[in-house]
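Chains as they are written, first to last, in my numbering: chain A, -11 to 282; chain B, 238 to 907; chain C, 15 to 169.
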Amino acid sequence: MKQYAYYPGCSLESLAVSYNLANIEVSRKLGLELSEIEDWNCCGATAYFPVDEFLAYTLVARNLAKGEKMGLDFVTPCNGCYKNAYFTNAYLQQDPDLAEHINSALEEDNLHIEGTSKVKHLIEVYVYDVGLEEISKKITHPLQGLRVAPYYGCQLVRPRKNGEDVENPRYFEDLLSTIGAEPVEYYSKTHCCGGSLIVTNRMAALDMINKLLQDAVKSKADVIATTCPMCNVNLEVYQGYVNREFGTDYSMPVMYFTQIMGLAMGIKPNLLGIGKELVSGATLKSFAQVKESG
Amino acid sequence: MSEKIGVYVCHCGTNIAGIVNVEEVTQWAGSRLKERGVVIARDYKFMCSSLGQELIEKDIKELGLTRVVVAACSPHLHERTFRTACERAGLNPYLSELVSIREQVSWVHTDKIAATAKAKAVLSGGVERVIHNEPLEPLKVPIHPDSLVVGGGIAGIQAALELADGGNHVYLVEREPSIGGHMAQFDKTFPTLDCSACILTPRMVQAGNHPNITLLTWSEVTKVDGYVGNFEVVIKKKARYVNTELCTGCGICVEKCPMKVVDDVFEAGMAKRKVIYTPFPQAVPNFPVLDAPNCTFFQKGTCKACEKFCPTNAIDFNQKDEDITVKVGNIVLATGYDLFNPRRIPQYGYGRLENIITSLEFERLCNASGPTGGNIVLKDGVTPPKTVGIVHCVGSRDQNYNGYCSAICCMQSIKFAHLVHERTGAEIYNFYIDIRTPGKSYEEFYQRVLDEGTHFVRGKVAEVTDVARSPEEEGKLIIQVEDTLIGKQRRIPVDMVILSAGLEPRYDAKETGKLFGIACSADGWYIERHPKLDPIATMTEGVYIAGCVQGPKDIPATVAQGAAAAARIQGKIQQGEITLEPIRASINEDQCSGCRICNDLCPFSAILFHEDRAVSEVNAALCQGCGTCVAACPAGAISGTGFSNEQVLAQIEGLLLLNIEKIESNKVPA
Amino acid sequence: MNNNETFEPVIIGFTCNWCSYRAADTAGTARVKYAPNIRLIRLMCSGRLDPTFVLKALANGADAVLITGCHPGDCHYVEQNYKALRRFHLLKRVLTQMGIEPGRLKLVWASAAEGAILAAEFDKFINEVRALGPLNWPLQKQKTFSTPALEEVAA
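Right, dumping it as structure tokens:
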């Protein structure tokens, strides 16, 4: 069983607990063990870096150091945590002064970071480490006819790493095709959901969420698949607010990609945290039926 | 120590004297370096002045000086001044040294004591070095009066015409079937709105008919040997499959040819051409060319319609490429630019969405002899646009692509706005970062277009998309941009988008440069000898650059550079010979073991190997004096004049004041 | 002057006529200040650098040597700075085997416009060498804390 140092991130303990459940179930089915990092701390998300960059790096580095100690690749299912971890790790390798500075702080906790572990997003682990072929072997309930909008979100692909395609990545679509679903051409798949603006400048965020929902409807998606709890919350929890504000009547299901994968693998919906959504319960039930008959 | 060295320390007003104790340095040199051969040490306020130089000249004549060291400013400024002064007094100019105690001492250090100490050390280094200087004579090289101009755009045409009018013979080589370059593709030129073809074609015709110009189109240079004044160039004349002696340019073959292919060179992919074709009606020379890879006869063995209908039997399917070798004295590289490919910016939708075109494509659209007869219409070929967006700086001024400014895009975009306004009355939006209109009448042109009612939005376009978010946007291309002057995001629906793509070096500029022995800068443009004071010469004697090969520029600047290159060459031809700096390497045959390590190190291929005697030899005229071979020779058989081992090693000793130690303690350090 | 003086290194710097020497000139015209411990020699090209120059400098009183030239790709003579780079790496290994700290030989690229950058590199290297201390080259005559070169000042 391949092991990974798993960093769930704060929201997977609360608002996105269903994501956590789905991740663990699907990973187990695929022969991976997600070993949760002991006593991990918040990564600072997007809010902390503008406040104090050095402290923010240190906050992230503590988790990375713990992961390094386990001798395993660092994997996280949240776009924001992923971006923070990936780039903190990269900058530590490039800037010895920063590394020295951070390590002097980590020393207090008997930790040290080299920057040697690899940082991955859970979806990358599935697509590249496990491989689409292996995944296809585990699909027992292909989701035929289910049109899924692959919402990468912005922090999964930006800032650009290693010349990746930030305008039109395709790996999420490939994954969806592998599990038998039909990925739609989702125009705003790498556009921002507004992130924490939903708290600080609600109108700006609602406007952005409106566009994301509009595009999903335009491409006739049945569900939007997400790779990040923030994106998921913005799209799902605030759908009602968007409707009130803009006079729209969206009822677009929004699910985590592992929940969709899990259904295709025949895992029971309640084990995947399905049923814990905040909106659009009715459409989801019919969705679950699709799985039954599939 | 039989040399008689004169030392001169300059105050340079207070530039040096303000930090370095000049009198102390002079006095020190005079006393402590006496045993090294210094017979006189003087300080003076301004050594480069005529009085200063006279001091040197007088001492040479009266004291019989055999070496001169001046401690003053940078040799890049006054090395020649003091060399010439020595020459006037009868001393070989290469027996003098200028060491910098200004740029490299007084101007960069604040500690006066340390600066004075360093000045002494620097001077000492110069003294030790100059002892080993040898009298050198500049090389004289004859200049062949013929010249080669590579590239038949406006730069090349200008250079060729000026040289030819001056009575010199020129080979004008062009890789396309006709001369004219990019300028032939344009519709109107800014700011006068002259028809581009109208002002270009008379020059083209002149070049085609000039008795002193040998026009070689559909040809490429494949090999360059030799050195300034004596180049031997091999030019490949590609097979046209048309006998130019018989062809009258009637065009029947083109008419009868049944095959059409997309013309992605002259028509920028906007139209088709026949397989046997002349690129445009005013082509010079007016002989067609057969595109063999697309020709039915060459592919399948059938057709031959052109041959059947040619009234003078000029079609020759058996024609072969022909190599000719020419001797020239000077070369001008004027091979122009390529356009940035906007496909590299996926957010702009070029190649994915319709009605998004590049600047060159738009020029063809506008052009009366272009694919739409000069009508500005959408892809359907019929509908004129009601709104047009023109995007500046596509691929330029952008860290992700090219950081530089392409110089002509603002004026070009403003010109496009005017043309669209004139011909369609459409509503026009120009999206810019800054408006750059530096040339004559350029700013006035911009004002005129502003008055016409074109909207200028200051903001870098984020995206061009077809995804509508409101009813007015349906079926349109939407330009998403931040209007920085009003501080708001805007979505502007348009029918057509013109991308003012930046200029880039030709895709094969690097290889071409290597062929001629010149280098490219980081951006890919050729490196000029001096960016301010000598933009048309290169580091390789005898090879000049003109036009956009040196960097993006407009037509007047291009023409000026073409003319400048011609003038420079004419000066050399007139002199009949040129002198080269004698900083060269030379191989001592007796010491050379024939290992040939040096041969491959030379970037100018200046080292030949004599098989019979198994020794290498440096061609002094090709050698540029870098000294790499000198350093590499394991036998120490190569000496570099002007920078010999003896000179450098002595300078090291001098800089470390070992010469003083040698005198003081009679111990010779190991 | 003698024992309790802080050690001031003497460094020989090799510059190439077209880029780094001009960069040093540019630093001068811009009046960028740097420490006076470095003394420059002008070569036409960094490719001219014979390893014996470096050895000579170190053997004759220099505490370190700095090699400078045009950025790769920008060499006036097309690609000779690559040859300098190759020699530098080999030379560094040889020096290390001779017991000389590798920090005493450094290679820095600078274009003609990078006066301030080159000056900063000078200062950086001077500080690095100062921290290394004087070169204890056995064949050199006995040195006091201040090098013979600076001793001259007092003379």
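Glycine included, C-beta positions come from ideal geometry on N, C-alpha and C.
Query                                                                                                                                                                                  : Result
Let me check understanding here. Comparing Cα to Cα, which of Thr20/C, Phe136/C and Ala127/C lies closest to His346/B?                                                                 : Phe136/C
From Ile670/B to Cys646/B, what does the alpha carbon distance come to, in whole angstroms?                                                                                            : 11 Å
Report the residues of the stretch 155 to 189 of chain A with a CB closer than 7 Å to any CB of chain B, ordered along the chain.                                                      : Glu155, Asn156 and Tyr175
Roughly how many angstroms separate the alpha carbons of Glu142/C and Arg118/C, rounded to a whole number?                                                                             : 8 Å
Once you ignore the five residues that flank Ala476/B on each side, which residues in its own chain have a CB closer than 7 Å to its CB?                                               : Gln556, Lys557 and Asp558
For Ala93/A, which residues of its own chain have a beta-carbon under 7 Å away from its beta-carbon, when the five flanking residues on both sides are left out?                       : Thr46
Cys89/C CB to nearest chain B CB: under 9 Å?                                                                                                                                           : yes
When the distance is taken between beta carbons, is Phe668/B closer than 9 Å to Val704/B?                                                                                              : no
Find the nearest neighbour of Ser361/B within the set Ile242/B, Lys537/B, Thr749/B and Thr481/B, judged by alpha-carbon distance.                                                      : Ile242/B
When you check each C-beta in the stretch 319 to 344 of chain B against every C-beta of chain C, which residues fall closer than 7 Å?                                                  : Arg339, Glu340, Gln341 and Trp344
If you follow the beta strand (DSSP E) that Gly27/C is in, where does it begin and where does it stop?                                                                                 : Ile25 to Cys30
Residues of chain C with CB under 7 Å from Lys355/B, in chain order?                                                                                                                   : Pro50 and Arg53
Quick one: is Met58/C near chain B, going by C-beta distance under 9 Å?                                                                                                                : yes
Determine contact between the stretch 721 to 736 of chain B and the stretch 612 to 625 of chain B, defined as no fewer than three beta-carbon pairs at a distance below 8 Å.           : yes
Examine the Cβ distances between the stretch 384 to 404 of chain B and the stretch 566 to 573 of chain B and report whether three or more of them are shorter than 8 Å.                : yes
Check whether chain A comes within 9 Å of Val698/B, counting only Cβ atoms and requiring the distance to be less than that.                                                            : no
Counting only beta-carbon atoms, is Leu894/B nearer than 9 Å to chain A?                                                                                                               : no
Return the CA-CA distance between Leu52/A and Pro50/C, expressed in angstroms with no decimal places.                                                                                  : 45 Å
Going along chain B, which residues have a C-beta under 7 Å from Glu93/C?                                                                                                              : Pro840
Using DSSP bridges, identify the partner residues of Thr438/B.                                                                                                                         : DSSP lists no partner for Thr438/B.
Hey, does Asp462/B have any beta-carbon neighbour from chain C nearer than 9 Å?                                                                                                        : no
At a CB distance below 8 Å, what residues from the stretch 189 to 210 of chain A approach chain B? Give them in sequence order.                                                        : Lys199, Gln202, Asp203 and Lys206
What residue from Gly267/B, Arg339/B and Lys298/B has the CA that sits closest to Ala254/B's CA?                                                                                       : Arg339/B
Which of the three DSSP states is assigned to Ser165/A in this structure?                                                                                                              : helix
At a Cβ threshold of 9 Å, is Glu890/B touching chain C?                                                                                                                                : yes
What residues from chain C crowd round Ser311/B, counting only those whose CB sits closer than 7 Å?                                                                                    : Asp39
Please report the distance separating the alpha-carbon of Ser239/B from that of Ala309/B.                                                                                              : 25 Å
Cβ atoms of Gly739/B and Ser650/B: under 9 Å apart, would you say?                                                                                                                     : no
Please determine if the stretch 678 to 687 of chain B and the stretch 625 to 644 of chain B are in contact, where contact requires at least 3 C-beta pairs separated by less than 8 Å. : no
Verify whether the separation of the beta carbon atoms of Leu335/B and Val306/B is less than 9 Å.                                                                                      : yes
For Gln584/B, go through chain A and note every residue whose CB falls closer than 9 Å to its CB, in chain order.                                                                      : Glu155
Which residues in chain C sit within 7 Å of Gly864/B, going by Cβ to Cβ distance?                                                                                                      : Leu57, Met58, Cys59, Gly61 and Arg62
Assign Thr29/C to buried or exposed, taking buried as 16 or more other Cβ atoms, counted over all protein chains shown, within 10 Å of its Cβ.                                         : buried
In this structure, what does DSSP give as the bridge partners for Thr451/B?                                                                                                            : Tyr408/B
DSSP three-state call for Ser281/A: helix, strand or coil?                                                                                                                             : Since pLDDT at Ser281/A reaches only 43, below the 50 mark, its modelled position is unreliable, and the value read off the structure follows with that caveat. In the structure shown, Ser281/A sits in a helix (DSSP, three-state: H, G or I).
Return the Cβ separation of Ser876/B and Asn825/B in integer angstroms, given the expectation that the two are a contact with Cβ distance under 8 Å.                                   : 7 Å
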